[in-house]
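Peer 1: Residue numbers (the numbering used here): 13 to 996.
C-beta: ideal position from N, C-alpha, C; glycine also.
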Amino acid sequence: MKMRLLTLTLLWCGATLFAQDYFPENDGVKSKNNNYYAFTNAKIYVTPTQVIQNGTLLIRNGKVIQAGNSVSIPKNTVIENLNGKSIYPSFIDVYSKFGVAQPKRKPGGGRSPQYEAERDGFYWNDHIMPENSAIASFKYDDKSAKELREVGFGVVNSHIHDGIARGTGVLIALNGEGTDANRILDDTSGQFFSLTKSVTKRQSYPTSLMGTLALLRQLYKDADWYAQGKSDTKDRSIEALIENKGLVQFFEAKDKGHVLRVDKIGDANGIQYVILGGGNEYERIAEIKATNAKMVIPINFPKAYDVSNPYQASYVSLADMRKWNQAPSNPKVLADNGVTFSLTPYSLKSPKSFKEMLLKAIQYGLPKTKALEALTTVPAQILGKGNSLGSLKSGAYANFLITSGDIFEKSTTLYENWVQGNKNVIQDKDVKDIRGIYDLAIHGKTYTVDISGESAKPKVEVKQDTLKLTSKIVYNSNWLDLSITTKEDAKIYRMTTVVAPDSDNLNGRLILPDGTESSFAAIKKSAFEEKKDENKDVLQAPKIMPITYPNLGYGYSQKPKSENIIFKNATVWTSENAGILENTDVLIKNGKISKIGKNISAGNAKVVDATGKHLTAGIIDEHSHIAALAVNEAGHNSTAEVKMEDVVDAEDIKIYRSLAGGVTSLQLLHGSANPIGGRSAILKLKWGEEADGLIYNNSPKFIKFALGENVKQSNWQSFSRFPQTRMGVEQVFMNYFQRAKEYDDKKKTGQSYRYDEEMEVLAEILNGERFISCHSYVQSEINMMMKVAENFGFRLNTFTHILEGYKVADKMAAHGAGAGTFSDWWAYKYEVNDAIPYNAAIMQKQGVTVAINSDDREMIRRLNQEAAKTIKYGGMTEQEAWKMVTINPAKLLHIDNSVGSIKEGKDADVVLWSGHPMSIYSKAEKTLIEGATYFDLELDKQKRLAIKKERIELIDMMLKEKSGGGKMQGPKQRVKKNFTCETL
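As structure tokens, then:
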């Protein structure tokens with residue numbers, strides 16, 4: 013009766029507490045409940061680090077009045093004794109979709125891309141929508157709210173998950189008894205961004221990650237210009253962006269590398285984003301920590317792979333196996349390194365699995381205090397609501413959980429989740445725990461009844477002697493229904509009773525198989541005890557495979573470091589005037605080539621006997637598309653604003669394979685989807701470094717231009733974008749360079765101007781600060797491009813491919829253009845029908861600096877052999893042929909002052925070959941960059957054995973996971989997209 017009165021009191025409170033004071037009342041008398049509610053004798057977590065034993069929590073009108081050991085309880089207080097139970101602040105999710113209608117992708121779609129925006133009066137790109145507001149489409153959904161409350165959440169921060177700039181969010185209390193007038197805590201709870209385009213918009217740009225990043229950079233520049241009042245037109249998108257800049261800025265990255273990319277955007281604009289991670293931050297924790305960003309971490313850990321079939325098991329990469337093993341440690345690694353983070357059920361199919369994932373993170377070492385912080389105080393701080401949410405301090409919302417004990421234990425029951433002082437029952441805490449072992453006597457026979465499982469949702473096992481019988485149990489509100497089916501005659505005995513609060517035994521009504529009513533008695537023999545799991549210790553302290561750099565099969569346990577090394581008695585190919593030196597020593601010191609000569613003293617340097625072997629400068633590939641996350645930004649006919657440096661993939665296994673072929677540097681080029689492409693990235697293949705660690709210091713500035721079939725979309729059947737002819741290609745160049753000249757002239761006069769990143773880049777070309785590598789085939793277009801350059805007073809740096817270069821080599825030499833070409837590729841499309849293998853030699857003999865490049869993930873590993881072909885086709889000397897993959901590409905890339913040859917003072921980027929460097933039988937035994945060994949043939953053999961051993965160990969772990977009843981996923985093969993010039 014007491015509990016019934018309390019329930020009625022609380023329901024009445026819910027009806028009056030949330031009525032707004034100034035609203036008229038027409039369905040009854042107007043009143044307000046000012047009663048207090050006191051929860052006594054509980055273990056109270058005021059904050060994760062402030063815990064009160066046997067304390068009292070006093071609340072009133074949806075707020076916390078006080079929590080402590082000596083709380084004065086007013087007369088008008090409803091008191092509830094929570095002896096043996098615990099109280100925690102309710103959880104907060106800062107990255108939710110709750111209650112906000114999510115846009116759906118439009119059906120269909122045209123054959124041709126849409127280049128223009130659909131909207132007027134907004135930003136020029138439809139994927140930028142900061143004017144959107146989640147509150148405008150919010151509709152409270154108590155079914156979804158109930159699912160969240162059942163796993164402990166009391167407040168969620170929701171927004172529209174669509175577009176690059178997504179607009180503002182809404183902060184919602186999951187209060188089913190209230191109205192939007194009180195459950196909406198903040199209707200502009202943050203401004204949200206992502207790297208993903210809108211599913212409702214069809215505007216083509218951006219088509220790539222680098223385009224998205226460029227768009228964001230330009231957006232912020234345009235906002236600055238607009239804020240100064242210098243725009244001639246109204247832009248509601250930019251106005252919203254400016255208006256919301258004082259809000260918390262959330263950015264959805266969803267990957268460790270993207271976290272770093274996003275943070276750069278923020279740093280450039282004075283913004284510290286709160287970043288949604290991808291769960292793999294543990295792989296680059298030092299770099300993640302250095303961002304100083306607050307993180308939002310999803311805990312959707314991968315399932316083990318079903319590797320029962322050994323052939324299918326081979327599909328699963330070691331990297332994916334490691335991810336299954338290592339990912340649950342991500343929260344622990346973040347905590348250990350002092351990264352501030354909150355946890356989110358984002359990306360889980362259902363909130364129901366959140367606790368399972370949370371407990372797994374704790375099993376993998378996440379301290380419980382940090383787990384609680386990540387669900388309470390940290391998200392409250394992120395939202396700027398530390399005084400009202402995330403704790404049970406005086407004045408905070410009365411959002412709290414009542415549990416049977418430690419909330420981070422599997423056996424703990426969550427009884428109630430109070431939101432704004434409103435009780436939500438998850439499990440009835442007053443239901444008696446009937447778990448245990450009983451002797452049951454019915455109809456002259458004795459049975460053993462074992463009731464286990466959760467106290468509120470028990471399960472049963474019934475035996476007659478050792479024979480297990482079919483049985484079923486239903487337990488709800490202290491009512492018990494139990495049925496037993498006998499083995500010998502399949503007869504069903506049904507029992508029902510109300511569990512007595514003052515007895516451990518069960519006595520009640522029995523219905524016999526023939527319908528006769530009788531009684532039963534079940535005498536409790538022993539209380540319930542959790543069964544000890546033989547694998548419990550393994551679950552609590554799982555073996556976690558060590559991280560490597562990168563975290564792939566051929567990664568290093570530690571990043572390679574520079575050593576002092578001396579190569580003794582090598583045949584040294586200098587790629588300089590000194591030519592080839594026999595029986596020569598080369599001393600490497602502090603990452604540089606220190607001395608070249610005979611009988612050099614080793615000192616404390618590591619000695620490598622190079623007798624019978626050949627030492628060369630590292631190979632340089634002038635044209636490559638490996639180590640990239642994207643290759644083309646095809647959304648416009650000019651994309652000079654995009655940067656390949658933004659999309660360097662430092663974990664591409666092709667980097668390691670290229671090192672095995674003696675390659676130490678390359679130019680990562682944009683593709684050829686448009687006449688004016690993106691800016692290049694000049695890389696050193698430092699396997700194990702993160703993306704920025706591969707980019708040359710003080711890197712020379714390059715950009716990709718393109719001519720021919722690709723840029724006029726001859727093979728794509730797309731007719732909506734200019735240009736569609738080779739004549740149109742020329743006009744694109746003329747127009748953009750004229751505009752860039754006018755932009756630069758205005759800038760140099762000191763006049764006020766709108767910053768345009770695309771024009772800035774093109775102006776660098778006009779000023780001789782940036783250099784063009786131009787995709788080219790046909791002689792007429794080669795001539796055209798040189799004339800355009802001469803018309804605007806600059807020089808074309810390099811024609812790449814240039815398979816008709818032999819026809820215009822004299823003109824190229826006169827212009828000062830270099831060439832990066834293939835050794836013997838021809839006839840693979842119409843515009844290369846006139847290609848010949850003598851092309852490189854002919855251009856070289858006309859005075860053109862010529863490099864042999866790959867433009868191919870496989871050929872890059874054999875550029876030494878590609879260089880050798882020029883000896884056969886054109887009669888090049890060995891030394892001149894070798895220069896085509898060393899010093900010549902270095903000259904074309906303006907890095908010949910530091911690499912490309914073996915010369916004292918240059919970077920120690922060298923390769924030790926087992927034999928003649930251009931022999932098909934020779935192998936690169938060691939590949940060094942700045943004195944650090946990034947490939948070693950003997951170490952590679954050891955790595956192969958280690959990979960095999962690690963795979964066996966991980967497969968064994970997964971098989972045990974399956975045999976233990978763990979959730980599995982089918983084997984999947986990770987296939988990385990291979991890029992070429994044409995890849996979109």
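Apart from the five residues on each side of it in sequence, which residues of its chain come closer than 7 Å, Cβ to Cβ, to E299?
Peer 2: L272 and E702
Peer 1: Kindly indicate which three-state DSSP category W491 falls into: helix, strand or coil?
Peer 2: strand
Peer 1: Give the list of continuous beta strand (DSSP E) stretches no shorter than 3 residues that lie fully inside the segment 594–651.
Peer 2: 604–609, 618–621, 626–629 and 631–636
Peer 1: Hey, which unbroken runs of the beta strand (DSSP E) at 3 residues or more fall wholly within the segment 173–215?
Peer 2: 177–180, 182–185, 196–198 and 203–206
Peer 1: Taking the alpha-carbon positions, what's the I438 to T208 distance?
Peer 2: 37 Å
Peer 1: Rounded to whole angstroms, what's the CA-CA distance from N686 to Q736? Just pull it up for me.
Peer 2: 11 Å
Peer 1: Is the distance from the Cβ of V620 to the Cβ of L924 below 8 Å?
Peer 2: Yes, the pair counts as a contact, with Cβ atoms nearer than the cut-off.
Peer 1: For N709, which three-state DSSP category applies?
Peer 2: coil
Peer 1: Using beta-carbon positions only, say whether N900 and A863 come within less than 8 Å of one another.
Peer 2: yes
Peer 1: Using beta-carbon positions only, say whether A829 and L808 come within less than 8 Å of one another.
Peer 2: yes
Peer 1: May I have the straight-line CA-CA distance separating V274 from G80, to the nearest angstrom?
Peer 2: 44 Å
Peer 1: Considering only residues of the same chain and omitting the five flanking positions on each side of I374, which have a CB-CB separation below 8 Å?
Peer 2: Exclusion of the five residues before and after I374 leaves K380, A383 and F420 as the residues of its chain whose Cβ lies within less than 8 Å of its Cβ.
Peer 1: Give a yes or no on whether the C-beta atoms belonging to L160 and L183 are separated by under 8 Å.
Peer 2: no
Peer 1: So, L253 versus A235, is the Cβ gap smaller than 8 Å?
Peer 2: yes
Peer 1: Closest to R766 by C-alpha separation, out of I777, S108, A752 and I605, would be which residue?
Peer 2: A752
Peer 1: Cα separation between G591 and K915?
Peer 2: Computed Cα separation, rounded: 11 Å.
Peer 1: What are the residues that DSSP puts in a beta bridge with P101?
Peer 2: F412
Peer 1: For D445, which of G433, A392, P513 and S574 has the nearest alpha-carbon?
Peer 2: P513
Peer 1: Quick check on P558: does DSSP put it in helix, strand or coil?
Peer 2: coil
Peer 1: What residue does the alpha helix (DSSP H) around D336 start on, and which one ends it?
Peer 2: Before going further, note that residue 336 is Trp rather than Asp in the sequence given. That run of the alpha helix (DSSP H) goes L330 to Q338.
Peer 1: If the criterion is Cβ atoms closer than 8 Å, does the pair F745 and I777 meet it?
Peer 2: no
Peer 1: Run through the segment 257–295 for me and flag every whole alpha helix (DSSP H) of 4 or more residues, listed as ranges in chain order.
Peer 2: For the segment 257–295, the full-length alpha helix (DSSP H) segments reaching 4 residues or more read 268–280 along the chain.
Peer 1: Measure the C-alpha to C-alpha separation of A331 and I309 and round it to an integer number of angstroms.
Peer 2: 20 Å
Peer 1: CA-CA distance, G26 and T424?
Peer 2: Residue placement at G26 is poorly supported in this model, since its pLDDT is 44, which falls under 50; the coordinates are not used for a value here.
Peer 1: How many angstroms separate the CA atom of S684 from the CA atom of E994?
Peer 2: 6 Å
Peer 1: Quick check on the DSSP output: what are the complete beta strand (DSSP E) runs of length 3 or more inside the segment 90–163, in order along the chain?
Peer 2: 98–101 and 103–108
Peer 1: DSSP puts F997 in a beta bridge; with which residues?
Peer 2: With the chain covering 13 to 996 only, the question about residue 997 has no answer from this structure.
Peer 1: So, under 8 Å CB-CB, L5 and I64 are touching, yes? Tell me the CB distance rounded to an integer number of Å.
Peer 2: Absent from the structure is residue 5, since the part of the chain shown begins at 13 and ends at 996.
Peer 1: Quick one: using the 10 Å Cβ neighbour count with 16 as the cut-off for buried, is L387 buried or exposed?
Peer 2: buried
Peer 1: Determine whether the beta carbon atoms of R248 and F134 lie at a separation below 8 Å.
Peer 2: F134 sits close to R248, with the two beta carbons spaced by under 8 Å.
Peer 1: In angstroms with no decimal places, state the Cα-to-Cα distance between D836 and M930.
Peer 2: 16 Å
Peer 1: Taking the CB atoms as reference points, tell me whether H637 and F263 lie closer together than 8 Å.
Peer 2: No, the pair does not count as a contact, with Cβ atoms beyond the cut-off.
Peer 1: For T586, does the three-state DSSP call read helix, strand or coil?
Peer 2: T586: coil per DSSP, three-state reduction.
Peer 1: Whole alpha helix (DSSP H) runs in the segment 372–428 with 4 or more residues, listed along the chain?
Peer 2: 380–387 and 389–394
Peer 1: Answer yes or no: do G689 and E793 have a C-beta to C-beta separation smaller than 8 Å?
Peer 2: no
Peer 1: Do T812 and H635 have their C-beta atoms closer together than 8 Å?
Peer 2: yes
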